[in-house]
Structure formats: C-alpha cells, structure tokens
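Numbering (the working numbering), first residue to last: 7 to 328. Structure first, commentary second.
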Amino acid sequence: MSTPTHPRNDRPSPPAPSDFAGRRVICFESRRASEMASLIQRYGGVPVTAPTLREVPIDRNERALDFARRLAGAEFDLVILMTGVGTRALVAEAAPALEPNQGGGASDGDGGADAQGVSLLAAALSSVQIVVRGPKPAAALRELGLTRFTTVREPNTWREIVEAVSALGDLRGKRVAVQEHGAPSHELYASLAAAGAQVTPVPVYRWALPEDTAPLRQALRLMADGGAAITLFTSRAQVEHALLVAAEEGLVERLRAALARGVVASIGPVCTEALRAEGIEPDFEPEHPKMGHLVKAAAARSIEILVAKGNQGDAPLPAQSS
C-alpha cells in the first residue's frame, strides 16, 4: 500500500475556509445595500456594492386610484400583493380615491394618504380574498389591522403564487388585481388568465437605473478584469440592469466569461431564470430565498467552487469595504 503524500511540511492540507477568506464579493443590492455589505463582512468578505436599481414612483397613479374605487365597489374577488414596499406604496397612492370630498389623488401635508382614506381602503381589502407573496407584504397588511390572507410558500415565484391562488377555488370568472413590483409579471398574468381569471395589474412604482451608475460600471469592469470572482444576485431586475450597463460598456462577453470562471450565487428561481436567459449559469441557490441565507451559503461554498474551477480568485484583501 502506498503512503499518501502531503505538502513539504508533511502535514495534511487544511480544510477549505468556511468564509470568503478576504476576497471581494460583488453585490447589486440597492435599498438593502448596507445590510448586505455588513453580512458579507461578517463572513470574512470585502463587499463591493454596485447598486443596479432605483424605485421610481408613478406620478398621479390613475391605475392605483381606479383600483381603490373598484375595490370599494366590490369589483374584485381577490388581490395579490407582491412586496411589502409595494403594498405600502399602493395604500399611499390608492387611498386618496376613497377620501371624502377629495375626488381622488389628494393626500395629507406629508405626502401620505389621509387616515380616513387608509381606513376605508383597509375595510375594502378585508372584504376580498388576499394572497401575499411573502412575509413583507404580510407585515404591511398587519399594519393595516388585516390578518386574514394566504401566504405563498417559498421560493415565492409566480408558480407558487398560482398554486396558492388555485387552492382557494375555481378561478373561472374571478376578478384578480395584482400589485406589481417594479415590472409586470407576464408569466403570472398568463397563467391566471389561462385558468379563467380576469387579471388587472396595478403598478405602484417602476425600476430604473440609479442616478449615479459609476459604482455599477466600476464593479462590472472589476469583474471583467478578474478582480472579483464572487457575485451575488438577488433579483431579476438586477440581472437585467447589470447586463444592460455591461452592454453600454462593451463588457458583456468578457463579463460572461468571468462569471463562468467565478462564483455566481442566485437567491432563487426567478433570479436564476433571468441569469440563464442571459447565458449565465448560477452555481447555486440557497436553501431559502433570503438575503442572509444567500450570503451564508456563498461564504460556505465559494472557495470550494473556485478551486474546482481552477480559479484562485482575487488575492485576499483586508476585510473592509472597497
């Protein structure tokens, strides 16, 4: 039997680190950028924050006002709420339509909906079935005093939404309003319509690029040049906007090649579909589609994945933001 060989010091190689080991980690978060950077630092990484999104309110949102009037008039059977921030925005934008003597579109001096309009909207919501995509819109409903709703199971994609809605009964002829979250969910609308529902999308904000795209452009160049080998994606819009700016910079092919050599972590199926649509294969999804689970899984698996790909990644750096 042959004797196993070890490095020159005749000691076994140490196990792969269970953290980022001082390497740069690209994250595209915007609203929760500081939270994600803190998580990356906690797991021994150097966060490179490159915001890709900006939530842009819709001026004089007639569709939200119309939703409130129709809801109060018992013209909907079911409401689907996609996000917490979107639910709160919908309340702020739609409630003025129900305020007495306002004619729609009025708000209080701080830009929020009048308390009476909010109360009337909450009462109207309590009269229909409600499906929420996850805990954040559920929390927004509880702020309104509403506790009767159905929560979509993880990973909270349009497929699980359709499953949750279908479990409530026959959809034929049902009038369904959907609070959009930055962009239309065409697959969801098509599936609900195919089951016989009448779907009314209600936009409350839209996604745009940040006003300052310099950090995003710098991060994309860093990735393309091999200066950062670990990348975390948490939404479809992040993928689309990152590739849009990469195209403007002439970096798309170099970026795809760098991502193939590095670690690409996707928060869940919707994000994974967006990556694959761009020709990028993610290395893994976390057990649960949550930011904390994503960073923890990436910290535990990134070095092993880089080794398997023959990529040492960028040289470890002191653990501080770059």
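C-beta atoms are modelled at their ideal positions from N, C-alpha and C, and glycine is treated no differently.
Between the CA atoms of residue j and residue i - distance to the nearest angstrom
i, j, result
"Gln-326", "Val-171", "Annotation note: pLDDT 42 at Gln-326 (below 50); position unreliable, coordinate value reported separately. In a straight line, the C-alpha of Gln-326 is about 45 Å away from that of Val-171."
"Thr-157", "Lys-142", "10 Å"
"Gln-224", "Leu-261", "12 Å"
"Pro-292", "Ser-308", "12 Å"
"Glu-310", "Glu-246", "28 Å"
"Val-168", "Gln-318", "43 Å"
"Gly-79", "Ala-121", "20 Å"
"Ala-70", "Leu-300", "34 Å"
Spatially closest choice to residue i from the options, by CA coordinates
i, options, result
"Ala-314", "Ala-266, Leu-96, Thr-163", "Ala-266"
"Tyr-195", "Ala-263, Arg-29, Ile-86", "Ile-86"
"Glu-259", "Arg-227, Val-276, Gly-274", "Arg-227"
"Val-185", "Leu-84, Thr-93, Gly-233, Gly-79", "Position check: residue 185 holds Gln in this sequence, whereas Val was assumed. Closest by alpha carbon: Thr-93."
"Leu-222", "Ala-200, Arg-212, Ala-253", "Ala-253"
"Ser-241", "Asp-120, Asp-218, Glu-35, Val-208", "Glu-35"
"Ala-103", "Arg-76, Glu-81, Phe-82", "Arg-76"
"Ala-130", "Glu-149, Arg-159, Phe-73, Ala-220", "Phe-73"
Which residues DSSP lists as bridging residue i, in chain order
i, result
"Leu-238", "Cys-33, Ala-271"
"Phe-26", "Per DSSP, none; premise fails for Phe-26."
"Gln-135", "Leu-84"
"Ala-214", "Arg-60"
Reduced DSSP secondary structure (H/G/I, E/B, other) of residue i
i, result
"Thr-163", "coil"
"Phe-73", "helix"
"Glu-246", "helix"
"Ile-311", "helix"
"Thr-55", "strand"
"Gln-318", "coil"
"Glu-149", "helix"
"Gly-188", "strand"
Test item: CB-CB of residue i and residue j under 8 Å
i, j, result
"Val-205", "Leu-215", "no"
"Thr-89", "Gln-244", "no"
"Asn-162", "Pro-295", "yes"
"Val-137", "Ala-144", "no"
Cβ-heavy atom distance, residue i to the ligand SAM, below 7 Å
i, result
"Gly-140", "Questions concerning the ligand SAM fall outside what the structure shown contains, since it holds no ligand whatsoever."
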